[in-house]
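**Student:** Residue numbers (this note's numbering), protein chains in the order written: chain S, 218 to 329; chain G, 28 to 141.
(1) In chain S, which residues lie less than 8 Å from residue 129(G) when you measure between Cβ atoms?
(2) Alpha carbon to alpha carbon, how far is residue 77(G) from residue 232(S)?
(3) Does the separation of the CB atoms of residue 234(S) and residue 311(S) fall below 9 Å?
(4) For residue 297(S), which option in 304(S), 261(S), 328(S) has the closest C-alpha, if you only look at C-alpha atoms?
(5) Span of the beta strand (DSSP E) holding residue 69(G)?
(6) For a cutoff of 9 Å on Cβ pairs, would you count residue 69(G) as touching chain S?
(7) Indicate whether residue 258(S) and residue 135(G) have their beta-carbon atoms separated by less than 9 Å.
(8) Any idea what DSSP makes of residue 92(G), helix, strand or coil?
(9) Between the alpha carbons of residue 90(G) and residue 45(G), how many angstroms are there, rounded?
(10) Throw me the rounded Cβ distance for the residue 264(S) and residue 254(S) pair, which I believe falls under 8 Å.
(11) How big is the Cα-Cα spacing for residue 107(G) and residue 42(G)?
(12) Residues of chain G with CB under 7 Å from residue 225(S), in chain order?
(13) Where does residue 231(S) fall in DSSP's three states?
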């Protein structure tokens with residue numbers, strides 16, 4: 218079993234839809250949870266960062282972490298065609314700063 | 028502009044040849060990383076380095092080698108021992124002093140073995 222599981226999609230939604238992206242994990246030592254966005258043929262860039270359980274909101278994006286269920290989510294409200302990208306979840310134990318474990322990535326297309 | 032520069036962007040190699048991918052950063056970050064990305068498999072860690080002249084194997088180090096002679100540079104050599112080297116390679120760096128441990132990525136190098 219991989220430490221981080223993520224459905225690769227692809228996911229295709231109309232503009233304005235609410236998008237839900239999810240990851241599950243098996244290692245309870247993970248403390249830091251991140252979402253990276255990767256446009257085609259580019260390197261990933263950090264989108265959201267959360268420490269431990271809880272919610273974090275940034276504009277149209279909301280990240281949720283449920284450590285009891287080992288489940289994290291990213292919600293995108295009012296999705297735009299510019300949100301079309303691959304979204305990667307990533308996790309870190311904290312004791313090995315920078316040593317991230319990535320999900321497979323979910324490819325999202327938002328059509329106008 | 029601060030960032031990470033990877034070169035070349037595209038590289039073709041014949042089987043049996045070694046090839047070196049360049050990674051340079053001007054962010055003054057201590058740590059640098061090499062990841063491999065294959066379709067549908069996410070990012071897998073090849074090697075990482077936390078300080079100059081020191082580096083550790085990641086999850087898929089076999090067939091690869093690295094060096095860290097300067098803080099700014101972390102080149103990756105894909106050797107002929109790597110059985111399936113065709114992939115997208117990403118270099119990253121991070122600042123240990125940062126709260127998030129965020130990785131900053133380069134734009135990647137796409138290696139194709141003919």
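A virtual CB, placed ideally from N, CA and C, is assigned to each residue, including glycine.
**Tutor:** Let me spell this out:
(1) By one-based count along the second chain, residue 129(G) stands at place 102. By Cβ distance, chain S contributes 251, 263, 266.
(2) The residue you call residue 77(G) lines up with position 50 of the second chain. The residue you call residue 232(S) lines up with position 15 of the first chain. For residue 77(G) and residue 232(S), the distance between alpha carbons rounds to 42 Å.
(3) Reading the first chain from its first residue, position 17 is the one you call residue 234(S). Reading the first chain from its first residue, position 94 is the one you call residue 311(S). Cβ distance not < 9 Å, so residue 234(S) and residue 311(S) don't count as in contact.
(4) One-based indexing of the first chain puts residue 297(S) at position 80. Measuring from the Cα of residue 297(S), the nearest candidate turns out to be 328(S).
(5) Taking the first residue of the second chain as position 1, residue 69(G) is located at position 42. 69–78 is the extent of the beta strand (DSSP E) around residue 69(G).
(6) Translated into the one-based positions of the second chain, residue 69(G) becomes position 42. True, the Cβ-Cβ gap to chain S drops below 9 Å.
(7) The count along the first chain starts at 1 and reaches residue 258(S) at position 41. The count along the second chain starts at 1 and reaches residue 135(G) at position 108. Yes, they are a contact pair.
(8) Translated into positions along the second chain, residue 92(G) becomes position 65. In the structure shown, residue 92(G) sits in a strand (DSSP, three-state: E or B).
(9) Sequence index remark: in the second chain, residue 90(G) carries index 63 (1-based). Sequence index remark: in the second chain, residue 45(G) carries index 18 (1-based). Approximately 10 Å between the Cα atoms of the pair.
(10) By 1-based counting over the first chain, the position of residue 264(S) is 47. By 1-based counting over the first chain, the position of residue 254(S) is 37. That pair is a contact at about 5 Å.
(11) Position 80 of the second chain, counting from 1, holds the residue named residue 107(G). Position 15 of the second chain, counting from 1, holds the residue named residue 42(G). Cα to Cα, residue 107(G) sits roughly 7 Å from residue 42(G).
(12) Position 8 of the first chain, counting from 1, holds the residue named residue 225(S). Simply 67.
(13) Within the first chain, numbered from 1, the residue matching residue 231(S) stands at position 14. Residue 231(S) falls in the strand class under three-state DSSP.
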